[in-house]
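Residue numbers (UniProt numbering): 1 to 449. A quick write-up on the structure given underneath.
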Amino acid sequence: MSHSGAPRPATARKSEDLKGRVRIPGDKSISHRSFMFGGLASGETRITGLLEGEDVINTGKAMAAMGAKIRKDGDIWIIEGTGNGALLAPEAPLDFGNAGTGCRLTMGLVGVYDFSSTFIGDASLSSRPMGRVLNPLREMGVQVQSAAGDRLPVTLHGPKTPNPITYRVPMASAQVKSAVLLAGLNTPGITTVIEPVMTRDHTEKMLQGFGANLTVETDADGVRTIRLEGRGKLTGQVIDVPGDPSSTAFPLVAALLVPGSDVVIENVLMNPTRTGLILTLQEMGASIEILNPRTAGGEDVADLRVRHSELKGVEVPAERAPSMIDEYPVLAVAACFAEGQTVMTGLEELRVKESDRLAAVATGLKLNGVDCDEGETSLTVRGVPSGKGLGNRSGAAVKTHLDHRIAMSFLVMGLASEHPVTVDDSRMIATSFPEFMGLMTGLGAKIEA
């Protein structure tokens with residue numbers, strides 16, 4: 001694993017105009033699900049554009065440990081699935097490293113099987129709460145063993161026959177919704193998930209694409225009711241994974257902040273449940289031009305032309321959080337260079353990400369001269385449009401807490417601040433965006449690791 005061994009600090013320095021065209025690696029959420037659904041479906045699934053970061057590869061290894069045959073031929077991943085309901089008991093613990101999505105979704109997928117499966121991960125993942133997924137699984141009849149209070153390591157053993165449930169998701173979480181739906185795949189009858197606040201809907205779209213009998217109804221208040229008929233047949237598909245909007249965020253914000261920049265980012269997923277950052281930046285005055293909008297594999301995709309912009313502070317509505325939950329660290333960096341103050345609310349989910357992202361961002365901003373306030377579920381940033389005084393001339397490093405998005409966000413900050421910005425470790429960037437350093441320096445960014 002790339003984040004074992006000695007830390008590898010990295011430093012970003014004030015850069016001149018970023019220029020060029022880049023293609024972002026495949027979307028992480030869709031890549032995880034491609035491996036999972038392809039490994040479960042009957043017949044062959046062929047995937048291009050897969051994100052080959054450690055998190056996704058760990059999901060592939062877990063599916064292979066349960067009977068899927070996975071190989072790579074050139075740029076194409078080819079999967080021979082087991083067929084729905086036919087996963088095999090893994091002979092060893094399933095190690096998800098840093099992959100929260102892979103771990104939580106696979107718990108749902110395999111937890112209802114009448115055999116034991118054990119889930120382990122790295123120090124960061126082992127500190128993250130799993131009860132939000134384990135509680136609905138318990139309702140379905142799954143036995144849960146964890147010595148650490150619903151944290152990893154966790155062992156699950158499904159019942160002879162799982163119970164279909166109706167589950168109202170208590171927080172805005174695509175992972176919880178998806179885990180329950182995936183458990184429903186091997187449960188007789190109808191599994192129902194009620195989602196008061198819409199979150200990313202890749203699970204629903206992709207399950208329908210693989211042939212699941214799944215319906216979605218949305219009432220007048222926006223509450224979604226998702227029904228899945230269990231024990232149906234899934235059939236292998238051809239999937240071209242679009243570019244990850246969460247990874248897109250880093251070169252996008254960098255181009256907005258570095259004077260003279262003009263960058264085109266190709267093949268970006270534009271699913272409306274994932275574009276909150278773009279909307280927010282446009283409200284701040286960002287020049288983001290949407291080029292060649294199109295549909296690929298049931299998803300909206302486009303190219304983005306991004307140019308340096310003078311940003312103004314805004315209030316980001318709390319209800320936008322589910323559509324940009326992973327992008328708040330880099331939005332906070334953009335806010336450092338905006339005129340006035342930016343207020344972000346509804347951030348409670350940031351407390352339970354790879355790190356306590358809210359605390360990590362606020363501490364890192366203050367270390368680099370930013371005037372900001374951290375609330376229980378909010379962050380307020382007062383910007384300095386010129387970047388004067390921002391950064392850390394002494395070279396003190398931001399503590400990343402093994403969190404890839406904290407590392408990348410603060411490296412973006414250093415490209416526009418007066419003084420350099422250093423992060424204490426850059427190895428974990430490989431979990432989601434292995435190409436980050438090469439892509440950014442190729443545009444002209446001054447980053448040294």
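Here a beta-carbon is modelled for each residue, glycine too, at the ideal position from N, C-alpha and C.
Please find out if some non-hydrogen atom of the ligand NAD comes closer than 7 Å to the beta-carbon of glycine 74. The ligand NAD is absent from the structure shown, which contains no ligand whatsoever.
Counted within 10 angstroms of its Cβ, other Cβ atoms place serine 409 as buried (16 or more) or exposed: Against the sequence shown, residue 409 aligns to sequence position 409. Residue environment for serine 409: buried (at least 16 other C-beta atoms within 10 angstroms of its C-beta).
Runs of 3 residues minimum, wholly inside the region 396-431: which ones carry the beta strand (DSSP E) assignment? 421-423
With C-beta atoms as the reference, is isoleucine 24 less than 8 Å away from glycine 38? As a first step, residue 24 must be located in the sequence shown, where it is residue number 24. As a first step, residue 38 must be located in the sequence shown, where it is residue number 38. Taking 8 Å as the Cβ cut-off, isoleucine 24 and glycine 38 do not qualify as a contacting pair.
Per-residue DSSP class, three states only, for glycine 111: One-based indexing of the sequence shown puts residue 111 at position 111. Three-state DSSP puts glycine 111 in a helix.
According to DSSP, residues forming a beta bridge with methionine 344: As a working mapping, residue 344 is identified with position 344 in the sequence shown. Val316 and Leu379.
Contiguous beta strand (DSSP E) assignments of at least 3 residues, all confined to the region 322-371: 341-345
Give a yes or no on whether the C-beta atoms belonging to proline 251 and valine 22 are separated by under 8 Å. Counting from one through the sequence shown, the residue named residue 251 turns up at place 251. Counting from one through the sequence shown, the residue named residue 22 turns up at place 22. A contact, by the Cβ cut-off of 8 Å.
Pick out whichever of Lys399, Leu279 and Asp244 has its Cα sitting closest to the Cα of proline 317. Indexing the sequence shown from 1 puts residue 317 at position 317. Here the closest residue by C-alpha is Leu279.
Glycine 209 vs glycine 83 beta-carbon contact at 8 Å: Here residue 209 is taken as the residue at index 209 of the sequence shown, counted from 1. Here residue 83 is taken as the residue at index 83 of the sequence shown, counted from 1. No; because the gap between Cβ atoms is not below 8 Å, this pair is not in contact.
Between which two residues does the beta strand (DSSP E) harbouring phenylalanine 119 extend? As a first step, residue 119 is located in the sequence shown; it is residue number 119 there, counting from the start. Run containing phenylalanine 119: 116-120, per the beta strand (DSSP E) assignment.
Is DSSP giving asparagine 271 helix, strand or coil here? Counted from its first residue, the sequence shown places residue 271 at position 271. It is coil, neither helix nor strand.
Going by alpha carbons, who is nearest to glycine 108 out of Asp27, Met437 and Ala179? Along the sequence shown, read from residue 1 onward, the residue named residue 108 stands at position 108. Here the closest residue by C-alpha is Ala179.
Sort Ser323, Glu339, Leu277 and Gly346 by Cα distance to leucine 331 and report the nearest one. In the sequence shown, counting from the first residue as 1, residue 331 sits at position 331. Among Ser323, Glu339, Leu277 and Gly346, the Cα nearest to that of leucine 331 belongs to Leu277.
Would you grab the beta carbon distance between threonine 431 and asparagine 98 for me? Rounded to a whole angstrom, and I think it's under 8 Å. What you label residue 431 is simply residue 431 of the sequence shown in a count that begins at 1. What you label residue 98 is simply residue 98 of the sequence shown in a count that begins at 1. The Cβ separation is near 5 Å, so the contact holds.
In whole angstroms, what separates the C-alpha of phenylalanine 115 from that of histidine 157? Residue 115 sits at position 115 when you count from the first residue of the sequence shown. Residue 157 sits at position 157 when you count from the first residue of the sequence shown. For phenylalanine 115 and histidine 157, the gap between their C-alpha atoms comes out near 5 Å.
Taking 8 Å as the threshold, find out whether the region 43-57 comes into contact with the region 420-437 through three or more Cβ pairs. yes
Where does glutamine 237 fall in DSSP's three states? Taking the first residue of the sequence shown as position 1, residue 237 is located at position 237. Annotated three-state conformation of glutamine 237 is coil, per DSSP.
Determine, using beta-carbon pairs with one atom in the region 189-200 and one in the region 317-327, whether at least three such pairs fall under 8 Å. yes
Leaving out five residues on either side along the sequence, give the residues of the same chain with a beta carbon under 6 Å from the beta carbon of alanine 174. As a working note, residue 174 is residue 174 in the sequence shown. Only Thr199 and Arg200 meet the Cβ criterion.
Which same chain residues, not among the five before or five after threonine 218, have their C-beta less than 6 Å away from its C-beta? The count along the sequence shown starts at 1 and reaches residue 218 at position 218. Arg224.
Sort Thr187, Asn267 and Ala10 by Cα distance to glycine 85 and report the nearest one. Position 85 of the sequence shown holds residue 85. Taking the Cα of glycine 85 as reference, the smallest distance to any Cα among Thr187, Asn267 and Ala10 is reached at Thr187.
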